[in-house]
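Undergrad: Sequence lines, in order, name chains A and B.
Just so you know, the first sequence maps onto residues 569 to 789 in my numbering.
Just so you know, the second sequence maps onto residues -5 to 102 in my numbering.
Backbone N, C-alpha and C fix where the C-beta goes; we use that ideal spot for every residue, glycine too.
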Amino acid sequence: MKFFEVFVSEGFGVWGLGFGGLSTADYRLSTTDGGRGGRLSVFGVRKKGQMGEGILTIYRLLMVTVVAFIVFSVGSISYGHYIDVRDAEARILAHEISDCLSPNGVLNLNKISAEDYKNIISYCGISQSERFYVEVNVVDSSEKEIVKMYQGDSGALWIKELFGKVAVEGNKILNGDEKNVEMIKKFNPGYFKFEYPVFVLKDDKKIEGKIKMEVLVNHEF
Amino acid sequence: MIIHIILIGLIFAIFLMATAERANSRGVKQQVLEKQIALLVDSAEAGMDFEIRKMNVNGLVEDVEVRDGKVFVKVMGLASVEGYPYFSKYSVSVRDDGDKFVVSVSEK
């Protein structure tokens, strides 16, 4: 009888944990004499206990996995760090493009075809990447546009503009959570803008002008 | 019961190892090295060489590889999967030179 009680109590405990408990009637069904105190159908009771134990195992493993995953996530957030070098890349790329277009301070537009105006990164021999957007505006001394050269994903400009707004209204947009601002910062493209005076050679004329350049570098992931 | 303990122990061991992996910051050191090398390559002119000591301040550098326009650095046993892209217009190569790796930038 004691043996029986142990199993029942174990079975009950398991079911109680898993499904909210069985009634006394449920337990009585598992005895041969209808629960009146006769011989015990050990098989029936034992089977119930095993099943419950299996469910408990799944429950335990699930709980352990959840706890371990939380530990891992906290560890990852604490120790993971993104190093942002996109501004530096934008600066280097701008230098390369500038060196290619006006190596001695002279921009010879006769050398550059109209087709190359749209592929300025490739024209300079730099391996084109979807990460880059380069825009070069050549203007004369009265700021009138002579030519515009570009290549890359102009959507980066839109993203940059969006981030400009986020920087101003960040807390408003992201419900005042500064962590959210930090999280999306890594999607903000690297940016470099500069202008410098050049001599522009076009149609055998040499005029004083200016190169205005904008370079954007997107994230690598 | 013993099986449960073993299973729970295994799960914890796997996750603790993964957490320790994060905590030893090899990934961050790898990121630093890859990005430093990529920036050096990008800003280098043809004919320039630069050296990366194997006993580096960022840990033991086991391998430096350049392929498909990306730099891959293996630091303290942690191999690089993604690498970091560079955009140099020059040809870039790496050679193992005893206690250092030498990255050479030359005309294509």
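For E664 (chain A), report the span of its alpha helix (DSSP H) as first-last.
TA: Segment 654 to 669, the alpha helix (DSSP H) holding E664 (chain A).
Undergrad: At a CB-CB cut-off below 8 Å, which residues of chain B make contact with I665 (chain A)?
TA: Near I665 (chain A) there are no residues of chain B at all, since even the closest Cβ is about 11 Å away, more than 8 Å.
Undergrad: Taking all protein chains shown into account, decide if F611 (chain A) is buried (16 or more other Cβ within 10 angstroms of its Cβ) or exposed.
TA: Its pLDDT being 48, under 50, F611 (chain A) is placed unreliably in this model, and the coordinates cannot settle the point.
Undergrad: Under 8 Å between the Cβ atoms of V51 (chain B) and S82 (chain B)?
TA: No, the pair does not count as a contact, with Cβ atoms beyond the cut-off.
Undergrad: Could you tell me the alpha carbon to alpha carbon distance between G758 (chain A) and G77 (chain B), rounded to whole angstroms?
TA: If you take the alpha carbons of G758 (chain A) and G77 (chain B), they lie about 19 Å apart.
Undergrad: Please list the terminal residues of the continuous beta strand (DSSP E) segment that includes M11 (chain B).
TA: Not the beta strand (DSSP E): M11 (chain B) falls in the alpha helix (DSSP H), residues -4 to 17.
Undergrad: For H649 (chain A), which residues in chain B fall below 9 Å Cβ to Cβ?
TA: What H649 (chain A) touches in chain B: S19, G21, V22, Q25.
Undergrad: Just to make sure I have the definition right: I need the residues of chain B whose C-beta is within less than 9 Å of the C-beta of L629 (chain A). Which are they?
TA: By Cβ distance, chain B contributes H(-2), L1, I2, I5.
Undergrad: So with Cβ pairs under 8 Å, would you call D36 (chain B) a contact of chain A?
TA: Yes, D36 (chain B) counts as interfacial toward chain A.
Undergrad: May I ask you to list the residues that DSSP assigns as paired with V69 (chain B)?
TA: Answer is B:V55, B:L72, bridged to V69 (chain B).
Undergrad: Indicate the three-state DSSP secondary structure (helix, strand or coil) for I623 (chain A) in the structure shown.
TA: Correct three-state label for I623 (chain A): helix.
Undergrad: Determine, for F95 (chain B), whether the minimum Cβ-Cβ distance to residues of chain A falls below 8 Å.
TA: It does not; no Cβ of chain A falls within 8 Å.
Undergrad: So, is G589 (chain A) buried or exposed, given that buried needs 16 or more other C-beta atoms within 10 angstroms?
TA: For G589 (chain A), the predicted structure reports a pLDDT of 40, less than 50, and the residue's modelled location is therefore unreliable. The matter cannot be settled from this model.
Undergrad: Would a check of beta-carbon distances place R16 (chain B) closer than 8 Å to chain A?
TA: Judged by the 8 Å Cβ criterion, R16 (chain B) is in contact with chain A.
Undergrad: Roughly how many whole angstroms lie between the Cα atoms of R89 (chain B) and V96 (chain B)?
TA: Their backbone Cα atoms lie some 5 Å apart in a straight line.
Undergrad: Give me the Cα-Cα distance between G63 (chain B) and S98 (chain B), rounded to the nearest whole angstrom.
TA: One C-alpha to the other measures close to 14 Å.
Undergrad: For G53 (chain B), would you say it is in contact with chain A, using Cβ-to-Cβ distances shorter than 8 Å as the test?
TA: Not one chain A Cβ lies under 8 Å of G53 (chain B).
Undergrad: Beta strand (DSSP E) containing L784 (chain A): first to last residue?
TA: Its beta strand (DSSP E) spans residues 773 to 785.
Undergrad: Candidates A:H787, A:V785, A:D772: which alpha carbon is nearest V674 (chain A)'s?
TA: Closest by alpha carbon: A:D772.
Undergrad: Could you pull the start and end residues of the beta strand (DSSP E) that Y718 (chain A) belongs to?
TA: Segment 713 to 720, the beta strand (DSSP E) holding Y718 (chain A).
Undergrad: Tell me, please, whether the CB atom of S697 (chain A) is closer than 8 Å to any CB atom in chain B?
TA: Cβ-Cβ to chain B under 8 Å: yes for S697 (chain A).
Undergrad: N672 (chain A): buried (16+ other C-beta within 10 angstroms of its C-beta) or exposed?
TA: N672 (chain A) comes out exposed.
Undergrad: Find the residues of chain B that neighbour A636 (chain A), judging by a C-beta separation of less than 7 Å, and give them in chain order.
TA: Under the 7 Å cutoff, chain B gives I5, F6, F9.
Undergrad: Would you verify that the beta carbon of F762 (chain A) is, or is not, closer than 8 Å to some beta carbon of chain B?
TA: By this cut-off, F762 (chain A) is not an interface position.
Undergrad: How would you label F789 (chain A), buried or exposed, when you count the other beta carbons within 10 angstroms and need 16 or more for buried?
TA: Classification of F789 (chain A): exposed, given that the 10 Å Cβ count is below 16.
Undergrad: From which residue to which residue does the beta strand (DSSP E) around E45 (chain B) run?
TA: Note, E45 (chain B): beta strand (DSSP E), 43 to 47.
Undergrad: With 7 Å as the limit, tell me which residues of the region 56 to 82 of chain B have their beta carbon closer than that to any beta carbon of chain A; keep them in chain order.
TA: Residues G63, Y78, P79, F81.
Undergrad: Given that a residue counts as buried once 16 or more other Cβ atoms are within 10 Å of its Cβ, and exposed if not, what is N756 (chain A)?
TA: Buried.
Undergrad: Need the endpoints of the beta strand (DSSP E) that Y80 (chain B) sits in, please.
TA: Segment: none, Y80 (chain B) is in no beta strand (DSSP E) and carries neither H nor E.
Undergrad: Compute the Euclidean distance between the alpha carbons of G777 (chain A) and D652 (chain A), then round it to the nearest angstrom.
TA: Each residue's alpha carbon lies about 34 Å from the other.
Undergrad: Confirm, please, whether the CB-CB distance from A40 (chain B) to Y80 (chain B) is below 8 Å.
TA: No, Cβ-Cβ distance for Y80 (chain B) and A40 (chain B) is not below 8 Å.
Undergrad: Residues in its own chain within less than 6 Å of N687 (chain A) by CB, not counting five upstream and five downstream?
TA: Here the set comprises Q719.
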